[in-house]
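Chains as they are written, first to last, in the UniProt record's numbering: chain A, 1 to 236; chain B, 1 to 248. Heads up, the beta-carbon is just placed ideally off N, CA and C, and yes, glycines get one too.
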């Protein structure tokens, strides 16, 4: 049997993801921008790959993260790195700014969406250029939005209240990190496809810094769990 | 001479290591009427002398806007210039569409140079018969480039191309050390002074045959209108190049 789509003459389109990454949360703080993701790639409902880095450094002052199909994430990283590399051949020292990457990705996503073969991703581009902080959200349709804070996936539902209560755009780096950790704690409790190991990365005037992954603290030793009061056998 | 043995096409070298077709193309640039450019830390100014084919005709435009941040002045075959102009405009539009920012100047000049070089390495093609002065502003600063039919390009502080351009270059050699800190008005007056050196004895500069275009870090490319040109040309009489101020 032949499954080769080229021989059969039909073009394959990816309209449902296979290996997926979870939410991305990105915030500006007083010295730059910070992005947080968890380190899980799910295979449907199975937590298949638990130690995955989902934040990539694209150029000296730009980082990229996304939620959705992980192979598309890898492809986008290649495409964006290509742009940065091709800037070298012109010998003029001009490198794309974070906003240039954001717009490029929006045009690429829109083109693929128009062919009903999308990059199955919600993308976040974060950077610090000429003293200006940049956060861009590009969704699966190629919609392009700039903002002071960005959430993708389930974080958009669970985390916006936390962000609006505990974050402002001039907070310190540590305050922003705490807000993101709180958000992922909540996500781990509520989102079935979330993980308690997260990774933070920030971009400031010195460039991009991607930190080691860390486990968020979660509490499970509630009395109700320990005594399992609800699970007593009822006898007639 | 034996030139005619080696000058039939672009794919034949001469024993002295010359490509005569390319050299002949550069002659076409030297026959075009003069255009010059000069830059300071903040601005670039392009000045050209426009030719009138006959008394009944209008004057041939020599400066074209490529984008808000970039413009060219041409010397040579106008038809070839239009092709390059269209190419540059298209590239800028595509770059803007993809990245929402301005095409870096040096990069576009590099692309034009690559295109020009192609034409010098084919049996069936001829080189472009036009030289461009490309003025542009980008994050790297203020730029003035010259391209030629050979596919080479150079960056300049100030440059003049076209017929009798040597006179303008001689003017520049004396005064270019002042340009970096000149104001826009001083730059324009220097440019027109250089242009004046390059015209024939019985010609004069007026608002019809002179074209001046200006670009700045906060100034999109714009041509001076007839009234402004008249004013500047009048100021030329009393402009002292050394002190850069009007003398009474």
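Task: Start and end residues, beta strand (DSSP E) containing residue 186 of chain A - done: Taken as a continuous stretch (DSSP letters only), residue 186 of chain A belongs to no beta strand (DSSP E), being part of the alpha helix (DSSP H) at 173 to 190.
- [ ] Any chance you could list the alpha helix (DSSP H) runs of at least 4 consecutive residues sitting entirely within the stretch 96 to 179 of chain B, in chain order?
- [x] Those alpha helix (DSSP H) runs which fall completely within the stretch 96 to 179 of chain B and span 4+ residues are 105 to 118, 165 to 175.
Open item on the list: Measuring CB atoms only, is the stretch 61 to 70 of chain A touching the stretch 19 to 37 of chain A, in the sense that at least three cross pairs come out at less than 8 Å?
Closed with: Output reads yes: the stretch 19 to 37 of chain A touches the stretch 61 to 70 of chain A.
Task: Exposure label - residue 63 of chain B; buried when at least 16 CB within 10 Å - done: It counts as buried.
- [ ] Below 8 Å between beta carbons is the criterion; list the residues of the stretch 94 to 107 of chain B that meet it against any residue of chain A, in chain order.
- [x] Within the stretch 94 to 107 of chain B, 97, 98, 99, 100, 101, 104, 106, 107 place their CB atoms closer than 8 Å to a CB of chain A, listed in sequence order.
- [ ] Buried or exposed for residue 231 of chain A, please, with buried defined as at least 16 other CB atoms from any protein chain shown within 10 angstroms of its CB.
- [x] Exposed.
TODO: Rank A:131, A:129, A:134, A:105 by C-alpha distance to the C-alpha of residue 122 of chain A and give the top, closest one.
DONE: With distances taken between Cα atoms, residue 122 of chain A lies closest to A:105.
- [ ] Would you mind telling me which residues of chain B sit closer than 9 Å to residue 96 of chain A, beta carbon to beta carbon, in chain order?
- [x] Correct list: 99, 101.
Open item on the list: Using the three-state DSSP reduction, which class does residue 204 of chain A fall into: helix, strand or coil?
Closed with: The answer is strand: DSSP assigns residue 204 of chain A an E or B state.
Open item on the list: Comparing C-alpha positions only, which one of B:140, B:164, B:224 sits nearest to residue 201 of chain B?
Closed with: Relative to the Cα of residue 201 of chain B, the nearest Cα in the group B:140, B:164, B:224 belongs to B:164.
- [ ] Pull up the CB-CB distance for residue 191 of chain A and residue 218 of chain A, whole angstroms please, since I reckon it's below 8 Å.
- [x] Not a contact, Cβ separation roughly 13 Å.
Open item on the list: Check whether chain A comes within 8 Å of residue 138 of chain B, counting only Cβ atoms and requiring the distance to be less than that.
Closed with: Answer yes: the Cβ-Cβ gap between residue 138 of chain B and chain A drops below 8 Å somewhere.
Open item on the list: Can you tell me whether residue 43 of chain B is buried or exposed? The criterion is at least 16 other CB atoms within 10 Å of its CB, across all chains shown.
Closed with: It counts as buried.
- [ ] Would you mind sorting residue 17 of chain B into buried or exposed? The rule is 16 or more other CB atoms within 10 Å of its CB.
- [x] Classification of residue 17 of chain B: exposed, given that the 10 Å Cβ count is below 16.
TODO: Verify the CB distance criterion: does residue 128 of chain A have a CB-CB separation below 8 Å to chain B?
DONE: Not closer than 8 Å to any Cβ of chain B, the Cβ of residue 128 of chain A fails to qualify, so no.
Task: Per-residue contacts from residue 93 of chain A into chain C (C-beta, under 8 Å) - done: As a matter of chain content, chain C is missing from the structure shown, whose protein chains are A and B.
Task: Check whether residue 171 of chain A and residue 29 of chain A have beta carbons under 8 Å apart - done: Contact: yes.
Open item on the list: For the stretch 105 to 124 of chain B, list every residue whose C-beta sits within 7 Å of some C-beta in chain A, in sequence order.
Closed with: Answer set for the stretch 105 to 124 of chain B: 106, 107, 110.
TODO: Check the Cβ of residue 103 of chain A against every Cβ in chain B and list those closer than 7 Å, keeping chain order.
DONE: Here the neighbours are 98, 99, 100.
Open item on the list: Quick check: the stretch 118 to 133 of chain B against the stretch 23 to 41 of chain B, are at least 3 beta-carbon pairs closer than 8 Å?
Closed with: Output reads yes: the stretch 118 to 133 of chain B touches the stretch 23 to 41 of chain B.
Task: Any 3 or more C-beta pairs closer than 8 Å across the stretch 226 to 235 of chain B and the stretch 194 to 214 of chain B - done: With a cut-off of 8 Å, the stretch 194 to 214 of chain B and the stretch 226 to 235 of chain B count as touching, because enough Cβ pairs lie within range.
Open item on the list: If you follow the beta strand (DSSP E) that residue 232 of chain A is in, where does it begin and where does it stop?
Closed with: For residue 232 of chain A, there is no enclosing beta strand (DSSP E), as DSSP marks it with neither H nor E.
Open item on the list: Any contact between the stretch 112 to 124 of chain B and the stretch 136 to 149 of chain B? By contact I mean 3 or more CB pairs, one from each, below 8 Å.
Closed with: A contact exists between the stretch 112 to 124 of chain B and the stretch 136 to 149 of chain B.
Task: Residue from A:59, A:152, A:193 whose Cα sits closest to the Cα of residue 129 of chain A - done: Comparing Cα positions, the closest option is A:59.
Open item on the list: Suppose the cutoff is 7 Å on Cβ atoms and the five residues either side in sequence are ignored; what does the same chain contact list for residue 6 of chain A look like?
Closed with: Confidence at residue 6 of chain A is low in this model, with a pLDDT of 48, below 50, so the placement of that residue is unreliable and no value is reported for it.
Open item on the list: Within 8 Å of any Cβ in chain B, is that where the Cβ of residue 90 of chain A sits?
Closed with: Yes, residue 90 of chain A lies at the interface with chain B (some Cβ there is under 8 Å from its Cβ).
Open item on the list: Does residue 249 of chain B pass the burial test, meaning 16 or more other C-beta atoms within 10 Å, or should it be called exposed?
Closed with: Since the first residue of chain B shown is 1 and the last is 248, residue 249 of chain B is not available in this structure.
Task: Continuous alpha helix (DSSP H) stretch holding residue 114 of chain A: start and end - done: For residue 114 of chain A, the enclosing alpha helix (DSSP H) covers residues 98 to 114.
Task: chain B contacts made by the stretch 34 to 61 of chain A, where a contact means CB separation under 7 Å - done: Going along the stretch 34 to 61 of chain A in chain order, one finds no residue with a Cβ nearer than 7 Å to chain B.
TODO: Just the C-alpha distance for residue 92 of chain B and residue 199 of chain A, rounded to the nearest angstrom, thanks.
DONE: One C-alpha to the other measures close to 39 Å.
Open item on the list: Measuring only the C-alpha atoms, how far is residue 212 of chain A from residue 31 of chain A?
Closed with: One alpha carbon belongs to residue 212 of chain A, the other to residue 31 of chain A, and they sit about 20 Å apart.
- [ ] Quick one: grab the DSSP three-state call for residue 52 of chain A.
- [x] In this structure, residue 52 of chain A counts as coil in the three-state DSSP scheme.
TODO: At 9 Å on the CB atoms, spell out the chain B contacts of residue 99 of chain A, in chain order.
DONE: Correct list: 99, 100, 101.
TODO: Note down, in chain order, each residue of its chain lying with its Cβ closer than 7 Å to the Cβ of residue 71 of chain B, except the 5 sequence neighbours on either side.
DONE: Excluding the 5 residues flanking it on each side, residue 71 of chain B has same chain C-beta neighbours closer than 7 Å at 46, 63, 64, 65, 135, 213, 215, 221, in chain order.
Task: Where residue 107 of chain A meets chain B, residues with beta-carbon distance less than 8 Å - done: Within 8 Å Cβ-Cβ: 97, 98.
- [ ] Take every Cβ of the stretch 96 to 104 of chain A, pair it with every Cβ of the stretch 69 to 76 of chain A, and state whether three or more of those distances are shorter than 8 Å.
- [x] A contact between stretches requires three or more CB pairs, one per stretch, nearer than 8 Å, and the stretch 96 to 104 of chain A fails this requirement with the stretch 69 to 76 of chain A.
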